[in-house]
Structures are given as C-alpha cells and as structure tokens.
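Asker: Under our numbering, the residues of the sequence shown are numbered 1042 to 1191, in order.
Where a beta carbon is used, it is the ideal one built from N, C-alpha and C, also for glycine.
All values derive from a computational prediction rather than experimental measurement.
Quick one: the structure is below, and I'll ask about it shortly.
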Amino acid sequence: MKDLLIDLELNKDLKYRDFNARLMPNINKDLIIGVRIPILRRISKKYFTVKKEFFNELPHKYFEENMIHAFMIEQVKDFNECINLLNDFLPYIDNWQTCDCLSPKIFKQDLNQLLSNIKIWINDKHIYTRRFAILMLQKYFLDKLFNQEY
C-alpha cells in the first residue's frame, strides 16, 4: 500500500533505525525504516479498515510493514480469522521483535483452541513460529493452567 509507505517515511527516525538494526543483525539495515512501536501501533489502527488488501501482500519488504501486519492481526475480533491470518503470517516473521510484539488479545476467549494451535506451531520447522508458540505458552499457560507437559 503506497499510502502506508508514505506514512512510514513521514515518521522515520534514522537514529532509531540504527538502534534497531543493531538489535536485529539478521535484518538488512536498508529494510528498516526506523519507526517507533507506538507510532506503528497508531498507523496499524488507521489502516485496519483496509486490512484485507494488506494481509494479501505477503511477503512485505520492510520490517515496519511486518510490524503493522502483526499489530493488525492483534485487532481481529474473530478467533478463527485471527488464527488463519497468523498461520499465513508466521512463516514470514524473520526477527525476534516482530515475533515478540505479536500477541492477539482474542486468544483469551478460547484457550483450548489456542493450545491446539500452539501444539502445531511448536513443531513447525520455522524458528519464529516455534518461538511464537513458546511465547503463547508463557503468556497463557504458566499460572493456573500450567501443565508439566508444556
């Protein structure tokens, strides 16, 4: 989406880009625009109404586009739609920051179904899909729902 890239460019911070590039050495610095997380969250809300178009544009070029994609998934209110969008997106996550920032609130509504998906994700060959599964286990299954199996 051309408008999205314009918004990202208007909000870039080169010092922040350089900082982020040092934290994610596996990401080419030229693919990081340098937009701070709170601004990315705000932009994701702005573009959420046109999400269908954006969700179909995988893979994205820039780190920030992936972050916006993640933040837009978090806004989905239907559990099954959220899972389907995640299954499409998880293979494209290529860094710890995008993976760790992604945490759909809708998951609280059906922890049994979430656990079924976690069991699939944790056996995936893609490192960040497995990492996401572990993060969801930590978030939802360490307290009252803890099971030694996890």
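Entirely within the stretch 1099-1148 and at least 3 residues each: give me those beta strand (DSSP E) ranges in chain order.
Answerer: With a minimum length of 3 residues, no continuous beta strand (DSSP E) run stays inside the stretch 1099-1148.
Asker: Here's a check: name, in chain order, each residue in its chain whose Cβ is nearer than 6 Å to the Cβ of ASN1107, leaving out the five neighbours to either side.
Answerer: Taken in chain order, the residues that qualify are HIS1101 and THR1139.
Asker: Here's the rule: buried if 16 or more other CB atoms are within 10 angstroms of the residue's CB, otherwise exposed. What is THR1170?
Answerer: With 16 or more Cβ atoms within 10 Å of its Cβ, THR1170 is classed as buried.
Asker: Which residue from TYR1057, ARG1058, PHE1182 and LEU1081 puts its Cα closest to that of GLU1115?
Answerer: When each option's Cα is compared against that of GLU1115, the closest is LEU1081.
Asker: Can you tell me which of LEU1046, ILE1068 and LEU1155 puts its alpha carbon nearest to the alpha carbon of PHE1182?
Answerer: For PHE1182, the nearest C-alpha among the options comes from LEU1155.
Asker: Would CYS1142 pass as an interface residue toward chain D - the criterion being a Cβ-Cβ separation below 9 Å?
Answerer: Reference to chain D is not applicable here, since this structure consists of a single protein chain.
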